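> If you're matching positions, the sequence shown starts at 0 in my numbering and goes up one per residue. Note that the Cβ used here is the ideal one computed from N, Cα and C, for glycine as well. Note that the structure is a prediction, hence the values are computed from the model and not measured. I have a structure I would like to understand better, so I am pasting it below and will then ask my questions one at a time.
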Amino acid sequence: MGKSSKIVSVPVTGNLHNFNVEEVAEFREKLLSWYDAHKRELPWRTIAIKETDTNKRAYAVWVSETMLQQTQVATVINYFKKWMAKWPTVSDLANATSEEVHQMWAGLGYYSRAERLHKGAITVVHNLGGNIPGARDILIEKLPGVGKYSGSAIASIAFGKVVGVVDGNVNRVLARVRAVGADITKQ
Numbered sequence: 000m001g002k003s004s005k006i007v008s009v010p011v012t013g014n015l016h017n018f019n020v021e022e023v024a025e026f027r028e029k030l031l032s033w034y035d036a037h038k039r040e041l042p043w044r045t046i047a048i049k050e051t052d053t054n055k056r057a058y059a060v061w062v063s064e065t066m067l068q069q070t071q072v073a074t075v076i077n078y079f080k081k082w083m084a085k086w087p088t089v090s091d092l093a094n095a096t097s098e099e100v101h102q103m104w105a106g107l108g109y110y111s112r113a114e115r116l117h118k119g120a121i122t123v124v125h126n127l128g129g130n131i132p133g134a135r136d137i138l139i140e141k142l143p144g145v146g147k148y149s150g151s152a153i154a155s156i157a158f159g160k161v162v163g164v165v166d167g168n169v170n171r172v173l174a175r176v177r178a179v180g181a182d183i184t185k186q
């Protein structure tokens, strides 16, 4: 966390494992306030906030979410900046060669992520009129390598869709808030 932070807590007024409407509102307010005070400045967040073209926003989120799979944020930052400088749009990436994509990805590992991102860009350009879909389910269906989390992140961040973006960190926070002692990795 780096900076000193105050623990976000929400008093439990009902069932320990279910949030009521008031608890959700209070938790959301406290969590967003904490985020505003402690967020890291990251290049993909800047694009997501400042870019008015939803397709460019969606592309930046898609690239960052793909790079961040199994890779630390600190490692991804420079790769993301170089990638976006070379291929600032989904069309630019679609026109790249597989060799160029592999060269740019070198050092990030899990090369299949780069291959799926490249294939997805080609799909967007050739089959979807150059427009990245805004709906989570269509993102998952049409773009290789986009699953529930990435699809939700793209739909939510780039297109403002109200979809849950739930990963291990979200599960961990909710488990701590509700003092869940069970293994949260089990379904």
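(1) I think A157 touches A24, with their Cβ atoms under 8 Å apart; what is that distance to the nearest whole Å?
(2) Where do the ends of the alpha helix (DSSP H) carrying P42 lie?
(3) Could you say if the segment 141-153 and the segment 55-66 meet the contact criterion of at least three C-beta pairs nearer than 8 Å?
(4) Going by DSSP, what residue range makes up the alpha helix (DSSP H) through G119?
(5) With DSSP as the reference, label D52 as helix, strand or coil.
(6) Please report the distance separating the alpha-carbon of L173 from that of G146.
(7) When you compare only the Cα positions, how much space is there between P132 and V89?
In brief:
(1) 25 Å between Cβ atoms; not a contact.
(2) P42 to K49
(3) yes
(4) Y110 to N126
(5) coil
(6) 22 Å
(7) 12 Å
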